[in-house]
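Structure first, commentary second.
2 protein chains.
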Amino acid sequence: MNTMNLKHDLSKLAARAQEASRAMHGLSSQAKNLALVAMAEALISGKSVILKANRKDVLKAKAGRQTKAFIDRLELDDKRIAGMSESLLEISSLTDPVGEVIKAWRVPNGLWIHKVRVPIGVIAIIYESRPNVTSDCIGLCFKSGNSVILRGGSEALNSNLAIYAALKKAADCLRLPEGAINVVDTVDRRAVDILLKLDKYIDLVIPRGGESLIRRVVASSHIPVIKHYKGICHVYVDEDADLNKAESICFNAKVQRPGVCNAMETMLVHQDIAARFLPGMIKKFKEAGVKIRGCAVTFKIAKSGVQLATDKDYHTEYLDLVLSVKVVQSLDSAIEHINHYGTRHSDSIVTEDYNNALKFLRQVDSACVYANASTRFTDGNQFGMGAEIGISTDKLHARGPMALEELTTYKYMIFGDGQIRT
Amino acid sequence: MNTMNLKHDLSKLAARAQEASRAMHGLSSQAKNLALVAMAEALISGKSVILKANRKDVLKAKAGRQTKAFIDRLELDDKRIAGMSESLLEISSLTDPVGEVIKAWRVPNGLWIHKVRVPIGVIAIIYESRPNVTSDCIGLCFKSGNSVILRGGSEALNSNLAIYAALKKAADCLRLPEGAINVVDTVDRRAVDILLKLDKYIDLVIPRGGESLIRRVVASSHIPVIKHYKGICHVYVDEDADLNKAESICFNAKVQRPGVCNAMETMLVHQDIAARFLPGMIKKFKEAGVKIRGCAVTFKIAKSGVQLATDKDYHTEYLDLVLSVKVVQSLDSAIEHINHYGTRHSDSIVTEDYNNALKFLRQVDSACVYANASTRFTDGNQFGMGAEIGISTDKLHARGPMALEELTTYKYMIFGDGQIRT
Numbered sequence: 009m010n011t012m013n014l015k016h017d018l019s020k021l022a023a024r025a026q027e028a029s030r031a032m033h034g035l036s037s038q039a040k041n042l043a044l045v046a047m048a049e050a051l052i053s054g055k056s057v058i059l060k061a062n063r064k065d066v067l068k069a070k071a072g073r074q075t076k077a078f079i080d081r082l083e084l085d086d087k088r089i090a091g092m093s094e095s096l097l098e099i100s101s102l103t104d105p106v107g108e109v110i111k112a113w114r115v116p117n118g119l120w121i122h123k124v125r126v127p128i129g130v131i132a133i134i135y136e137s138r139p140n141v142t143s144d145c146i147g148l149c150f151k152s153g154n155s156v157i158l159r160g161g162s163e164a165l166n167s168n169l170a171i172y173a174a175l176k177k178a179a180d181c182l183r184l185p186e187g188a189i190n191v192v193d194t195v196d197r198r199a200v201d202i203l204l205k206l207d208k209y210i211d212l213v214i215p216r217g218g219e220s221l222i223r224r225v226v227a228s229s230h231i232p233v234i235k236h237y238k239g240i241c242h243v244y245v246d247e248d249a250d251l252n253k254a255e256s257i258c259f260n261a262k263v264q265r266p267g268v269c270n271a272m273e274t275m276l277v278h279q280d281i282a283a284r285f286l287p288g289m290i291k292k293f294k295e296a297g298v299k300i301r302g303c304a305v306t307f308k309i310a311k312s313g314v315q316l317a318t319d320k321d322y323h324t325e326y327l328d329l330v331l332s333v334k335v336v337q338s339l340d341s342a343i344e345h346i347n348h349y350g351t352r353h354s355d356s357i358v359t360e361d362y363n364n365a366l367k368f369l370r371q372v373d374s375a376c377v378y379a380n381a382s383t384r385f386t387d388g389n390q391f392g393m394g395a396e397i398g399i400s401t402d403k404l405h406a407r408g409p410m411a412l413e414e415l416t417t418y419k420y421m422i423f424g425d426g427q428i429r430t
Numbered sequence: 009m010n011t012m013n014l015k016h017d018l019s020k021l022a023a024r025a026q027e028a029s030r031a032m033h034g035l036s037s038q039a040k041n042l043a044l045v046a047m048a049e050a051l052i053s054g055k056s057v058i059l060k061a062n063r064k065d066v067l068k069a070k071a072g073r074q075t076k077a078f079i080d081r082l083e084l085d086d087k088r089i090a091g092m093s094e095s096l097l098e099i100s101s102l103t104d105p106v107g108e109v110i111k112a113w114r115v116p117n118g119l120w121i122h123k124v125r126v127p128i129g130v131i132a133i134i135y136e137s138r139p140n141v142t143s144d145c146i147g148l149c150f151k152s153g154n155s156v157i158l159r160g161g162s163e164a165l166n167s168n169l170a171i172y173a174a175l176k177k178a179a180d181c182l183r184l185p186e187g188a189i190n191v192v193d194t195v196d197r198r199a200v201d202i203l204l205k206l207d208k209y210i211d212l213v214i215p216r217g218g219e220s221l222i223r224r225v226v227a228s229s230h231i232p233v234i235k236h237y238k239g240i241c242h243v244y245v246d247e248d249a250d251l252n253k254a255e256s257i258c259f260n261a262k263v264q265r266p267g268v269c270n271a272m273e274t275m276l277v278h279q280d281i282a283a284r285f286l287p288g289m290i291k292k293f294k295e296a297g298v299k300i301r302g303c304a305v306t307f308k309i310a311k312s313g314v315q316l317a318t319d320k321d322y323h324t325e326y327l328d329l330v331l332s333v334k335v336v337q338s339l340d341s342a343i344e345h346i347n348h349y350g351t352r353h354s355d356s357i358v359t360e361d362y363n364n365a366l367k368f369l370r371q372v373d374s375a376c377v378y379a380n381a382s383t384r385f386t387d388g389n390q391f392g393m394g395a396e397i398g399i400s401t402d403k404l405h406a407r408g409p410m411a412l413e414e415l416t417t418y419k420y421m422i423f424g425d426g427q428i429r430t
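Sequence lines, in order, name chains E and B.
Take the first sequence: its letters are residues 9 to 430, numbered as in my numbering.
Take the second sequence: its letters are residues 9 to 430, numbered as in my numbering.
As structure tokens, then:
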């Protein structure tokens, strides 16, 4: 397709999505929940078609010599499809955020001002190879009353189209607003750039994937983007830490699932407990296959098996069994290090000291700050939001895990009886 | 100054502002309120210096043959300085938003999650010639715990610097965080473009001024911008309107202060009451000097003195005693017209019909939707927010009038006792 046609087609799609969003806005919670249940069922009844389409993508990825991790993210099976279906059911059981009166008050002249939660409108999701994102995002945007435009990775196009077809058919049977859920069905790479200029129709872009994808989206978008680039998360072991808790929390934060954004990348240790804490901790990490890059003091305490950390290491999101370790002089130095090298994602202090915990929680400028818990809890499900559409390290609109409420905005509805301004 | 120096100086200023914002965060409400009172007093005691500086700007504007309206916006006198001082006192009396626990809950593993309101960080305000914006913005950003970087119009530079000097001296006497309030003191036009690239230090930009200024800021900013371009506000007179209320509301919305963004630019009238309503209404408008641009039906009903409206007129923010008038077939056509031609600012329906009012409030996609009241109430003070830093027609983060709460974000503080993820 040439660029002119692509532009025209995508504009038309986005304009229809905006029109649909106005009808979506008016759907009752009941109608939306019913549709979500129908969509959940459609994934199960359409399983063989979806698996067949997915098989095509997997074979192509294997022929293209993609990594094992890549193929693992891409590949669907019975269990994964069941999981996607359950997610939709779970979303159907969550409270509908739309229509909530966030605040209401009367001003002296009698005007009755209501601040009411409403859908954002049209949301575009730009993502990479996981096909489950397709159904999760459709479910969350649908429940929050938004139209959605999905643009997944070309490696997963067959899978995404099959999932979309199943869900769309279920929606159409229930006569839901035409144009509310959309998948961009071209592999043409220019489609993303064109979408990102359609600020007339699209209200919000959420990119999900690696840092380079997200930077590309931010650089060329005319539409507000909510995102996180990366998660360089810290655990700081305070001089007053319970060392058993510290060991268990640090081990969990690094090792339980190292490839995700809320895993620990740097461990900070107060100098007064470094000699007691580090040898056992480092031994445990090494047994789990974690490679350590330490500061000079860590290097000295560990005696062997530690590589000297560079400044660049503290800026690195390893997403792997590699850990930076730094001994710091004080709580203040730890906070300073985190605010300088961190990515405003998730950071934790381990301490038994009341004032140190409070100081850390207040002064660390991150979306999620923990006292005595693993950073691995930064996750919509773990927070009790039932689902998650992404994590934000931005400060505007939404911060931390984002679910249904974060996919809404508000408007003021004002009830008067003839008031004029004097 | 050359560009290299300017870049270096502005980066340094912004970095210091970010550092100061971390200290600002920790200030007690009491300390902030005391400082605001001191600032209010400093404006009064420094009045003669401020007026002298303002005189320079005014003389220059007159020599440059600026319009009367321009000079009116620029010129200060005793009364205006007293007003600025009172604003600061009012801000000191408002509730401090920082530290509010917006929500808190416990998840099954015992983690205690707190969603806590915190300052945004560093806010840059780009504005035009009104010097009172300088003290208002310093007051609001200060109270909400943010550092602020002000860049006013070069025509008001002497006034702005004098106001800033008075407020800064008051802040310094109280040993408030160095670098929390800043004015960019160069007339070099490149300063704005440089500021807008400092996303490492600055969290939010709020432009205040004409549409061209705001478009320029949005086009070149790497930092999130909250704004409104213009306000094309509508009043729709429904077939079930009380015509006395309708006349009084429409007249107020157009005439009371036509040069502001919440004034009515287009009046929509249901076809079934057009013949009864329009002749008297148009007569009243004409007596007040309002020029009418009407649709064909309006043109016919009015008989004389109405110019035919073009499509472009419905897209125009007159900011003057000019009004577009259109007769519509139904409530649905009115809603469609507003969602198409409007700017998502403020729109009102006049009706005695319950269902029509509700439908309008729900389906018009604007920041503020009114039933039976003038659009002129979209204003932080009128909403009972005590002050206002601007109005947003964006959908993300803040919508409608913005005051202290809208200058904050939140973070999650999570209290654990050793939780790890399994």
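C-beta: ideal position from N, C-alpha, C; glycine also.
Proximal chain B residues relative to residue i, where beta-carbon distance stays under 7 Å
i	result
lysine 403 of chain E	Ile128, Gly129, Asp211 and Thr417
lysine 253 of chain E	Gly426
glycine 239 of chain E	Those within 7 Å of glycine 239 of chain E in chain B number zero; the least Cβ separation is about 14 Å.
Proximity winner among the options, relative to residue i (alpha-carbon distances)
i	options	result
valine 195 of chain B	B/Leu158, B/Leu175 and B/Gly187	B/Leu158
alanine 178 of chain B	B/Ala48, B/Glu255, B/Gly34 and B/Glu83	B/Ala48
isoleucine 110 of chain E	E/Asp425, E/Lys419 and E/Thr430	E/Lys419
valine 57 of chain E	E/Asp211, E/Glu108, E/Leu175 and E/Ser95	E/Leu175
valine 377 of chain B	B/Gly398, B/Gly350 and B/Gly394	B/Gly350
glycine 392 of chain E	E/Thr274, E/Lys76 and E/Ser101	E/Ser101
tryptophan 113 of chain B	B/His405, B/Pro105, B/Gly239 and B/Lys123	B/Lys123
serine 374 of chain E	E/Asp328, E/Gly239 and E/His278	E/Gly239
leucine 221 of chain E	E/Leu44, E/Asp211 and E/Val233	E/Val233
glutamine 371 of chain B	B/Ala50, B/Arg88, B/Arg63 and B/Asn347	B/Asn347
leucine 18 of chain B	B/Ile79, B/Val192, B/Ala173 and B/Gly107	B/Val192
tyrosine 362 of chain B	E/Asp425, E/Cys269 and E/Ala227	E/Asp425
glutamate 108 of chain B	B/Ser162, B/Ile210, B/Ser36 and B/Gln74	B/Ser36
serine 269 of chain E	E/Lys311, E/Gly218 and E/Lys291	Looking at the sequence shown, residue 269 of chain E is not serine but cysteine. Nearest C-alpha to cysteine 269 of chain E: E/Gly218.
leucine 182 of chain B	B/Lys367, B/Ala43 and B/Leu14	B/Ala43
serine 341 of chain E	E/Ser356, E/Val277 and E/Lys60	E/Val277
Same chain, Cβ closer than 6 Å to residue i, five either side skipped, listed in chain order
i	result
glycine 302 of chain B	Val314, Ala317 and Val333
glutamate 396 of chain E	Gly388, Pro409 and Ala411
isoleucine 422 of chain E	Leu119 and Ile121
lysine 208 of chain B	none
arginine 138 of chain E	Arg81
glutamine 279 of chain E	Val335 and Gln337
valine 45 of chain B	Ser100
Neighbourhood of residue i by C-beta, 8 Å cutoff - its chain only, sequence neighbours within 5 removed
i	result
arginine 223 of chain B	Tyr237
Neighbourhood of residue i by C-beta distance below 7 Å, restricted to the same chain and skipping five residues each side
i	result
histidine 33 of chain B	Val126, Pro127 and Gly153
proline 266 of chain B	Leu327, Asp328 and Leu329
Chain E contact residues for residue i, given Cβ-Cβ distances below 7 Å
i	result
tyrosine 378 of chain B	Ile422 and Gly424
isoleucine 121 of chain B	Phe391
serine 382 of chain B	Gln427, Ile428 and Arg429
Amino acids of chain E, ordered along the chain, whose beta-carbon sits closer than 8 Å to that of residue i
i	result
glutamine 371 of chain B	Arg30, His33 and Gly34
alanine 375 of chain B	Lys419 and Tyr420
asparagine 260 of chain B	Ile428 and Arg429
isoleucine 52 of chain B	Per Cβ cutoff of 8 Å: no residues; isoleucine 52 of chain B is ~28 Å from chain E at best.
Cross-chain neighbours of residue i in chain E, by beta carbon under 9 Å
i	result
glutamine 264 of chain B	Ile428, Arg429 and Thr430
valine 115 of chain B	Phe385, Gln390, Phe391 and Gly392
Checklist entry - Does the segment 148–162 of chain B come close enough to the segment 125–140 of chain B that 3 or more CB-CB pairs lie under 8 Å? => result yes
Checklist entry - In chain order, which beta strand (DSSP E) runs of at least 3 residues are fully inside the segment 271–297 of chain E? => result 272–278
Checklist entry - Is there contact between the segment 25–38 of chain B and the segment 187–206 of chain B, where contact requires at least three CB pairs shorter than 8 Å? => result yes
Checklist entry - Which runs of the alpha helix (DSSP H) fall wholly inside the segment 82–163 of chain B and span at least 4 residues, in chain order? => result 86–101 and 140–151
Next on the checklist: Going residue by residue through the segment 343–404 of chain E, where are the continuous beta strand (DSSP E) segments of at least 3 residues, counting only ones entirely within it?
Outcome noted: 354–358, 376–381 and 398–400
Next on the checklist: Closer than 8 Å is the cut-off here; do at least three beta carbon pairs connect the segment 373–390 of chain B with the segment 257–275 of chain B?
Outcome noted: yes
Next on the checklist: Does the segment 94–111 of chain B come into contact with the segment 141–149 of chain B, if we say contact requires no fewer than three beta-carbon pairs (one atom in each stretch) closer than 8 Å?
Outcome noted: yes
Checklist entry - If you scan the segment 217–282 of chain E from start to end, which runs of the alpha helix (DSSP H) of 4 or more residues do you find wholly inside it? => result 219–228 and 251–263
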